[in-house]
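Residue numbers (the working numbering), protein chains in the order written: chain F, 54 to 209; chain U, 3 to 793. Glycine included, C-beta positions come from ideal geometry on N, C-alpha and C. Worksheet: the structure to be examined is printed underneath.
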Amino acid sequence: MNTPIQFTVNGNRQSVDVPPMKRLLDVLREDLHLTGTKEGCGEGECGACAVLLNGELVNSCLVPALQAHGSRLCTIEGVSTEGQLHPIQQCFLERGGAQCGICTPGMILATHHLLDKYPNPTLEQIQEGLAGNLCRCTGYMRIFESVQQAANTISP
Amino acid sequence: MSQSKPILGASPLRKEGRAKVLGAAKYIDDQSLPGMWHGATVRSSIARGIICSITFAPEIDWEQFAIVRASDIPGENTIVHLTKDHPCLAESQVNHPEEPILLLAHPDKTALLAAVRGVRIEYDELPGVFTIEESEAAVENNDAERIIWPGSDAGGTANCFKQYLMYSGEANETEDGLAAAFEAADFIVEEEYHTGAQEQLYIENNGVIAECNKDALGNVSDVCVRGSMQCPYYVVHALTLIFNLPEEKCRVIQVETGGAFGGKEDFPSVIGSHAALLAMKCGHPVKITYDRAEDMAATTKRHPSRTRHRTAVSKDGKLLGGTIDVAIDGGAYATLSPVVLSRATIHSPGPYKWPHIRVRAKAMATNIPPHGAFRGFGAPQSLFALERHMDKIAKTIGLTPEELRRRNFLGTGDRTATGQLLNEPVDMQHLLTRALQESEYHEKLARFAEENKHSTIKRGVGFASFMHGAGFTGSGERRLNSLVHLDVLEDGRPQILVSSTEFGQGTNTILCQVAAQTLQLPYEDILIAQPDTSVVPNSGPTVASRTAMIVGKLVERASHQILATLREQEDLPEEHTREQFIAAAQSYRAKHGSLRASVRYEPATKIYWDDELYRGDAYPGYAWAVYVAEVAVDLNTYMATVTRFDALQEVGLVMHPVLAKGQIEGGVAQGIGYALYEKCVWKEGRMMNNQMTNYIMPTSADLPPIHVHFEEVPSIHGPGGAKGIGELPMDGPAPAILNAIENATGIAFNTIPLLPEDIFERFTSFTEPAHGGSEDFDPTHLGEFLPEAVA
Ligand code: FES
Ligand code: FES
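Structure representation (structure tokens):
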């Protein structure tokens, strides 16, 4: 009952043969060995599994593999280029936006999505934009700073 | 290159930060071993009862599974902490819901769910106790059926894991002093305070991978567990008993850990032992990772508490004497409850002078999964009670909360309730002044009182003053006898070897800063080894705000030792360049083969502690703090929100300002959750809301701006003058917030978590509050409610 599924992940065409209802999260982690996408809750609450699907932020634990067929995916592994940190990653690193780091991949993708929508977001827009991504370590303040600095770097 | 700018106090990049932002850091669930199987746990579906039968569903091919029962354990069936009451797997009786009974492993993870359901267990149910009060009642009524825990050789009695009796002086004299104080008092203020359980809610669930080797006779020769954890040597200790193996045959490796907060202090011993037993049985490496629901239902939480205060006060606001009775709910087994209770006991009198005080504390058994370590470790519970009570005293005698505290603060040269002389500078008066200024407390107090008259949104401000002891209690650090190695490798780079773990707080970074600073080398040159017990020495557990202060000091001393060796034997000058250091180290290594410094803990000053009487120097050092909360209570929704938070603390040298701020902010956020959001709903010992959808922690949209302020008064106990900060920020938010809510509404709430339904209930009922509160509340007065006079 496997189905062939094709999509583009971080610019690379991929095809996998998996049960159609397999979670995209598991396809990424198990079939493609992209373990940067994390599982925190498995029920769409924490955002640790967030990826960009055709540019939209989705929780990959809620997306069946079939739904990703033909799509363009971006995971944390696709944010940097050739080992060069993306400005968002650099700012998270400098400003203390990552503590234990388990929420960080999802948080960085959510930031990516937010800055696409609002290149110079207000604090409220940041708070709302990241509200689907839980972080238990930071209390979010360093993350807000990281996002603001990233915004200033990308669109000064 | 001699360092011109000190690295201690700067904010270099987090050591493992790059891997984390790249998504390249490997947590346990990101790893797998060749031939690895997956494990799962069959758990008790009832709270307490005798196991009558275990049957296996015929439709499943059990030949494919490895099955482990208690009888398979080669050594002792116990997860040892302080006493051996806690079985690794239940044998004939279960004592809490979700208690592990049987373990299963299979090559395919997806086969496990149905298999766990396919194990049918029948019980003969026994009556359970589910609250502190029910547990006490069973003892009082001699109700043998409800004595759920028999007592222990470690000081436990029926249904009670541990009791402490702490006096501020000789027992007789203190009792006499207390009698006289209550006789002479102008006011006697009494109240009872409650706190609920709290889930650590690290975003990475518990998980491990275990391997097991056997000798020619088929006996287990060695085991290895890697996983998400705080204290690798705790797991080693657990494995030695389970497998009856010497320490060196039990290897434990901590891998990148996605948050812990105490929740991965004692629990990894359980899941680690389980996976190792399955690996023994199936002959393959075995991974166990919990999903969120299992992690929340089955693993430890913060101890619920009840604290009763009775205080004698003079009309000019002097505390004359007090009695404090603390009770915590320990769950079904002792685990760490005695130590959590100890910290609750010692912190319960707070940063105040008490001429006479008596603290009685006990940890009661209930048929709930064992409660365990969570940031603050008993102190948040007893400080919540105290700081709410200080506001109640102030209100009763007609002083402001500020003035009452000012008249009773401890200062330099005073003695704490345990008799510890505060010989390092303490200035609570100044901390309070500054915290109130930074938060514009006085101005807001006046402004909100005016605005509240015309608004259905009632705003208020409140604060809490408190301290948190860093390091193990009393003689604990001496007993731990921590050891640290510092190697200089072939290329001349120093490598720190400690069992202290990184789980987000910044262990790797600050320890490398200490070494860099002391060795006069660039921070980037310093390496820190992965905590693998086959390589790193036991530098103690990563708990109790001890890493920066205690382990940091050991790294500093080890660095000095390396320098002394190189200066003596290789003529390394006092001020050296990086190149000179490398040359000297390599020359030394060429002659001796290696270069290592090993240092053991030595107290900076003489530490005296009496474990029997609970008297003496409770902690090597204290961090002191005043936290101010500003709240808004919406009378349409009955929702209380924190609208601004100011956290001022004196923590010695701030080693890394960015990390330190992050620690405080993260702790404050957890404290806000503790006060207003996070409620564990229990039914017969089982957590009913074990999901992130219905156990609510604050999101980025819920939190106010958190302003963090530091005062730096260097301490002799830590490297460069640092003290511990990890747990401190958990202590202050809850009482500050409830004090602010009382300021806003005029209603004293003495139980957390405080949810909108609780506020609604008090606003709409005219009955006395459930927990012995004594405020008169007439809702018709709310419109004109005026907070206490401005000081
Ligand atoms: S794992 Fe997908 S939202 Fe939590
Ligand atoms: S950094 Fe640990 S959960 Fe966000």
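N- and C-terminal bounds of the beta strand (DSSP E) containing P36 (chain U): According to the DSSP assignment, P36 (chain U) belongs to no beta strand (DSSP E), since it is labelled neither H nor E.
Chain F within 8 Å of F505 (chain U), Cβ atoms only: yes
Same chain, Cβ closer than 7 Å to G261 (chain U), neighbours up to 5 away in sequence not counted: Y204, I205, E206, F505, G506
Contacts that P158 (chain F) makes with chain U (C-beta to C-beta distance below 8 Å): G25
Beta-carbon contacts of D70 (chain F) that lie in its chain and below 8 Å, excluding the five residues immediately before and after: By the criterion of a C-beta distance shorter than 8 Å, D70 (chain F) is surrounded in its chain by N55, T56, P57, I58, once the five residues flanking it on both sides are discounted.
Simplified DSSP state of A262 (chain U), which is helix, strand or coil: coil
Three-state secondary structure (DSSP) of F465 (chain U): Look at F465 (chain U) here: in three-state DSSP terms it is strand.
Three or more C-beta pairs below 8 Å linking the region 189-201 of chain F and the region 149-167 of chain F: yes
Near-chain F residues of the region 586-607 of chain U - C-beta to any C-beta below 8 Å: none
Contact set for G785 (chain U): own chain, Cβ-Cβ below 7 Å, skip 5 residues either direction: The pLDDT assigned to G785 (chain U) is 34, lower than 50, so where the model puts this residue is not dependable; a value taken from the coordinates is nonetheless given after this. Closer than 7 Å at Cβ, skipping near neighbours: K455.
Test item: CB-CB of L385 (chain U) and G352 (chain U) under 8 Å: yes
Nearest residue (CA-CA) to L730 (chain U), options U:H276, U:S13, U:G473: U:G473
Through-space distance from L167 (chain F) to Y29 (chain U), alpha-carbon basis: 27 Å
First through last residue of the alpha helix (DSSP H) which encompasses H711 (chain U): From DSSP, H711 (chain U) is part of no alpha helix (DSSP H) but of the beta strand (DSSP E) over 708-713.
Three-state secondary structure (DSSP) of L423 (chain U): strand
Chain U contact residues for G64 (chain F), given Cβ-Cβ distances below 7 Å: Within 7 Å Cβ-Cβ: nothing; G64 (chain F) doesn't reach chain U, min ~16 Å.
Contacts around A116 (chain U), its chain only, beta-carbon distance under 6 Å, and the 5 residues preceding and following it disregarded: none
According to DSSP, residues forming a beta bridge with M194 (chain F): M194 (chain F) is not bridged to any residue.
Proximity test, Cβ basis, 8 Å: D145 (chain U) and chain F: It does not: the Cβ of D145 (chain U) has no partner Cβ on chain F nearer than 8 Å.
Euclidean distance between Cα positions of T206 (chain F) and P140 (chain F): 7 Å
Nearest neighbour of I255 (chain U), chosen from U:G264, U:L241, U:G265 [CA to CA]: U:L241
Contacts of Q137 (chain F) in chain U (Cβ-Cβ under 8 Å): What Q137 (chain F) touches in chain U: nothing, since even the nearest Cβ is about 10 Å away.
Chain F contact for Q693 (chain U) (CB, 8 Å cutoff): yes
Backbone CA spacing between P605 (chain U) and L279 (chain U) [nearest angstrom]: One C-alpha to the other measures close to 40 Å.
Distance between A156 (chain U) and E138 (chain U) (C-alpha atoms, nearest Å): 20 Å
Chain-ordered chain F contacts of L513 (chain U) [CB-CB under 9 Å]: What L513 (chain U) touches in chain F: nothing, since even the nearest Cβ is about 16 Å away.
Backbone secondary structure at L119 (chain F) - three-state DSSP: Taken through DSSP and simplified to helix, strand or coil, L119 (chain F) comes out as helix.
Within 8 Å, strictly: CB atoms of A649 (chain U) and A627 (chain U): yes
Bridge partner(s) assigned by DSSP for M168 (chain U): U:V361
Within-8 Å CB hit, Y29 (chain U) to chain F: yes
Alpha carbon of H40 (chain U) to alpha carbon of V537 (chain U), nearest angstrom: 27 Å
Closer than 7 Å: Q152 (chain F) CB and nearest ligand 2 heavy atom: yes
Within 6 Å of ligand 1: residues by beta-carbon to any heavy atom: F:E92, F:G93, F:C94, F:G95, F:G97, F:E98, F:C99, F:G100, F:A101, F:C102, F:N112, F:C114
Within chain F, partners of K22 (chain U) - CB distance below 7 Å: Ordered by position in chain F, the residues that pass the 7 Å Cβ test against K22 (chain U) are A151, G154, T157.
Spatial distance of T57 (chain U) from H286 (chain U) (CA atoms): 25 Å
Where I48 (chain U) falls: helix, strand or coil (DSSP): Reduced to three states, the DSSP call for I48 (chain U) is coil.
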